[in-house]
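In what follows, a single structure is set out as structure tokens and then discussed.
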Amino acid sequence: MALDGIVTRSIVHELQICVGGRINKIHQPSESDIIINLRSQGENRRLILSANPTYPRVHLTEQSFPNPQEAPMFCMLLRKHCEGGVIEAITQYGMERIIALDIRQRDELGDISAKRIIIELMGRHSNIILVDPNTGVQLDGIHHVTPSISSYRVVMPGFAYTKPPEQHKLNPLETSKEQFLSAWGEAGEAAAESSHWLVQAYSGLSPLIADEIYYRARHSEADAKAPLVQVPLQPDALWSAFSAMMLDIARHQYQPMTGNNIKGKHVFSAVLLSMVQGDIRTFDSISACMEDYYGEKALRDTVKQKTSDLLRFLQNERSKNVKKLTKLQEDLAEAEDAEKYRISGELLLASLHQIEKGDKEAELINYYDEEQKPMRISLDPLLTPSENAQRYFKKYNKFKNSLTVIDEQMDIARREITYLEGLLQQLDYATLNDIDEIREELIQQGYLRQRSGKSKKKKKSDRPTLHVYTSSEGIDIYVGKNNLQNEYVTNRLASHNDTWLHTKDIPGSHVVIRSASYGEATLNEAAQLAAYFSQAKESSSVPVDYTLIRHVRKPSGAKPGFVIYEQQRTLFVTPDEALVKSLPNTVK
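Its first residue numbered 84, the sequence shown is counted upward by one per residue in this note's numbering.
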């Protein structure tokens, strides 16, 4: 994985600005993530500790995270022992992917209490553990590891903390040339072709860094821009590349960056990689680099896990309505032929004397046809001619009456499909809080039942989560990312002279410019938000309607989030992700 011991070292070095900082608030937005809000060196900072099995990480973040109404037990424990405390030290265990935060706090009795938060960034074995450093006993972990799962170490309250198994590798920052060449020799002939032995021999080195060392050894600075040519690898050249990189790392000379490796995979690094290709980006801090690399992926991954049941339910409901609409269209086609049943009945009544009971078919002149061609009419041989005529009149009346019902049902099915497609689109960019609100909406609308055994606390107000962006002109732009938010922003929050935006005939967010006076820049940025948070996110020249709030209204009995509007104008914009992400935003 890209997060290795070197990245961990750079994180710990960067986080030294948090030492001496006071922890103001701790919350747990998801089952694997902890957010610590602290004040250090005169600034408010937000630190994320994540034991996500796919995207484990620790870094400073500018991203806003929801604070659940009910804090999980581990979060409550951290609040009890760490909120109000001062961070005394942030350290790394050797070159391992393990970080320790030492915190000093006063307990309920006023005595000084020391606690240690240990973050293990070990892929699917990642964990966050609260330990009493005086006794080495664990108070709890964000993920429990029971004796039945691991006989080597248990992560549960009351057990002594045991580090993950040591791999007995060399420390790359403390190795000598003789040790390096000795390890090279032990690796044998394979070392000349593959960098894998470096990963096996030295702690903290990822395959990415090992490949970079080999790349630097094979290519001189002068040949960097020339076509890549493999050259015989000399151990002295490899040592030079290795020692030069380790010297930079020992001196904390980092150059965070992202790019594509030789296989085309997007990677990030705390040190400059000369072998990367594609869209190369550099960053001022490792936190900014990791936020760019992990932030959206981790959120989408967490959301995907939490929405799997909702996604499946909505897709099934949509499929049901699509099938229903198809069947109704078939019924409509049949019902539209109702006139032929009336004509058949009329012709039979006019020709009763020509038909006998027991006939299976009658061929009669069709007086309703301009050319008066003969018409074959099927008969039930068990019925009299008069009863056969009445049978056709009944069919005619049945289908004639059903036309109105079919039209109503088709309209209902189409509205259902539009509504469900809107919800599916909202799940694409939902945050964790947004998901809960979508689920609540489905419960209110009768699609889902309230989960038994979970009596959810009522919000202090019925106000949903609000996503607020600030335009380049300093004006607030509100974006509804689900129907409850759309309803609140459009129908309750906005004033008559505020401007309302929405993609034309495309499911998407309600966007409101909270000002009666603004410039072209704000209007364009609001249109960008409307297009970006819509089903047309990947399209170009997306039509976005805008009008004043006083021209927008919700029809009586309409589904949540549905409105009609008038006196609109239309802008055409191509969604620009970089522009949207550059706008300051908060979650209220």
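Even glycine gets a Cβ: it sits at the ideal position worked out from N, Cα and C. In this text the structure is predicted, and so the values were computed from the model without any measurement.
Only counting the same chain, and skipping five residues up and downstream in sequence, which positions put a Cβ closer than 7 angstroms to that of residue 647? In the sequence shown, residue 647 corresponds to position 564, counting from 1. Counting only Cβ-Cβ distances below 7 angstroms, and skipping sequence neighbours, we find 636, 638.
May I ask you to report which of helix, strand or coil DSSP gives residue 198? Mapped onto the sequence shown, residue 198 falls at position 115. Strand at residue 198.
Bridge partners for residue 108 per DSSP, in chain order? Along the sequence shown, read from residue 1 onward, the residue named residue 108 stands at position 25. Note: residue 108 sits in a beta bridge opposite 120.
On the criterion of 16 or more Cβ atoms from any shown chain inside 10 Å, does residue 246 qualify as buried, or is it exposed? The residue labelled residue 246 in the question sits at position 163 within the sequence shown. Residue 246 comes out exposed.
Return the chain-ordered list of same chain residues with a C-beta closer than 8 angstroms to the C-beta of residue 449, the five sequence neighbours on each side being excluded. As a position in the sequence shown, residue 449 is number 366, starting the count at 1. So the qualifying residues of the chain are 426, 430, 455, 456, 457, 458.
Determine the direct distance from the alpha carbon of residue 97 to that of residue 702, and round the result to whole angstroms. The question about residue 702 has no answer here: the residues shown for the chain are numbered 84 through 671.
Just to confirm the assignment, what range does the alpha helix (DSSP H) spanning residue 343 have? Residue mapping note: residue 343 aligns to position 260 of the sequence shown, counting from 1. Segment 340-343 is the beta strand (DSSP E) holding residue 343; no alpha helix (DSSP H) there.
In terms of residues, what are the limits of the beta strand (DSSP E) holding residue 457? Translated into the one-based positions of the sequence shown, residue 457 becomes position 374. Element bounds for residue 457: 457-461.
So residue 90 and residue 369 are in contact, right, with Cβ under 8 angstroms, and what is the actual spacing, rounded? Residue numbering aside, residue 90 sits at position 7 when the sequence shown is read from its first letter. Residue numbering aside, residue 369 sits at position 286 when the sequence shown is read from its first letter. Correct: roughly 7 angstroms between the Cβ atoms.
What are the start and end residues of the beta strand (DSSP E) that includes residue 655? Working through the sequence shown from its first residue, we reach residue 655 at position 572. Taken as a continuous stretch (DSSP letters only), the beta strand (DSSP E) holding residue 655 covers 652-656.
First and last residue of the uninterrupted beta strand (DSSP E) at residue 395: The count along the sequence shown starts at 1 and reaches residue 395 at position 312. Residue 395 -> not in any beta strand (DSSP E); alpha helix (DSSP H) instead, spanning 369-418.
DSSP has residue 444 in a bridge; who is on the other side? Here residue 444 is taken as the residue at index 361 of the sequence shown, counted from 1. Answer by DSSP bridge pairing, in chain order: 461.
Out of 249, 551, 138, 238, which has the shortest C-alpha to C-alpha gap to residue 206? Here residue 206 refers to the residue found at position 123 when the sequence shown is read from its first residue. Closest by alpha carbon: 138.
Counting pairs of beta carbons, one from the segment 403-412 and one from the segment 492-511, are three or more of them closer than 8 angstroms? yes
May I ask which residues mark the beginning and end of the alpha helix (DSSP H) holding residue 479? Position 396 of the sequence shown, counting from 1, holds the residue named residue 479. Looking at the DSSP string, the run of the alpha helix (DSSP H) that includes residue 479 is 468-511.
Please report how far the alpha carbon of residue 337 lies from the alpha carbon of residue 122, in whole angstroms. As a first step, residue 337 must be located in the sequence shown, where it is residue number 254. As a first step, residue 122 must be located in the sequence shown, where it is residue number 39. Taking the straight line from one Cα to the other gives about 25 angstroms.
Can you tell me which residues form a DSSP beta bridge with residue 591? Within the sequence shown, residue 591 is the residue found at index 508, counting from 1. Bridge partners of residue 591: 617.
With a CB to CB cut of under 8 angstroms and the five nearest residues on each side skipped, what residues in its chain are close to residue 95? By one-based count along the sequence shown, residue 95 stands at place 12. Answer for residue 95: 173, 174, 175, 182, listed in chain order.
Measure the CB-CB distance between residue 651 and residue 634 and report whether it falls below 9 angstroms. Taking the sequence shown and counting its residues from 1, the one referred to as residue 651 is at position 568. Taking the sequence shown and counting its residues from 1, the one referred to as residue 634 is at position 551. Cβ atoms of residue 651 and residue 634: closer than 9 angstroms.
Nearest-angstrom beta carbon gap, residue 355 and residue 340 [assumed within contact, 8 angstroms]: The residue you call residue 340 lines up with position 257 of the sequence shown. The residue you call residue 355 lines up with position 272 of the sequence shown. Their Cβ separation, rounded to whole angstroms, is 6 angstroms, which keeps residue 340 and residue 355 in contact under 8 angstroms.
Simplified DSSP assignment, three categories, for residue 127: For the purposes of this step, residue 127 is taken as the residue at position 44 of the sequence shown. Note: residue 127 maps to strand in three-state DSSP.
Rounded straight-line distance, which links the Cα of residue 601 to that of residue 296: Numbered from its first residue, the sequence shown carries residue 296 at position 213. Numbered from its first residue, the sequence shown carries residue 601 at position 518. Cα-Cα distance, rounded: 54 angstroms.
Please name the residue in 276, 438, 85 whose C-alpha comes closest to that of residue 342. Residue 342 sits at position 259 when you count from the first residue of the sequence shown. Taking only the C-alpha atoms, the option nearest residue 342 is 85.
Where residue 625 falls, given that 16 or more other Cβ within 10 Å makes a residue buried: One-based indexing of the sequence shown puts residue 625 at position 542. Buried.
Decide if residue 200 is buried, meaning its Cβ has at least 16 other Cβ atoms within 10 Å, or exposed. As a working mapping, residue 200 is identified with position 117 in the sequence shown. When all chains shown are included, residue 200 counts as buried.
Indicate whether residue 316 and residue 394 have their beta-carbon atoms separated by less than 9 angstroms. Position 233 of the sequence shown, counted from the start, is the residue given in the question as residue 316. Position 311 of the sequence shown, counted from the start, is the residue given in the question as residue 394. In this structure, residue 394 does not lie closer than 9 angstroms to residue 316 by Cβ.
Own chain partners of residue 299 with C-beta closer than 6 angstroms, once the 5 adjacent residues on each side are dropped: What you label residue 299 is simply residue 216 of the sequence shown in a count that begins at 1. For residue 299, where only same-chain residues beyond five positions count, the Cβ hits under 6 angstroms are 324.
Among the residues of its own chain, which have a CB less than 7 angstroms from the CB of residue 616, if the five just before and after it don't count? What you label residue 616 is simply residue 533 of the sequence shown in a count that begins at 1. Cβ neighbours of residue 616 beyond the five flanking positions: 512, 562, 564, 591, 592.
With 16 other CB atoms within 10 Å as the buried threshold, where does residue 412 fall? Numbered from its first residue, the sequence shown carries residue 412 at position 329. Answer is exposed; the Cβ neighbour count stays below 16.
I'd like the list of long-range same chain contacts for residue 124, defined as Cβ closer than 8 angstroms, with 5 residues on each side in sequence excluded. Counted from its first residue, the sequence shown places residue 124 at position 41. The residues are 100, 103, 104.
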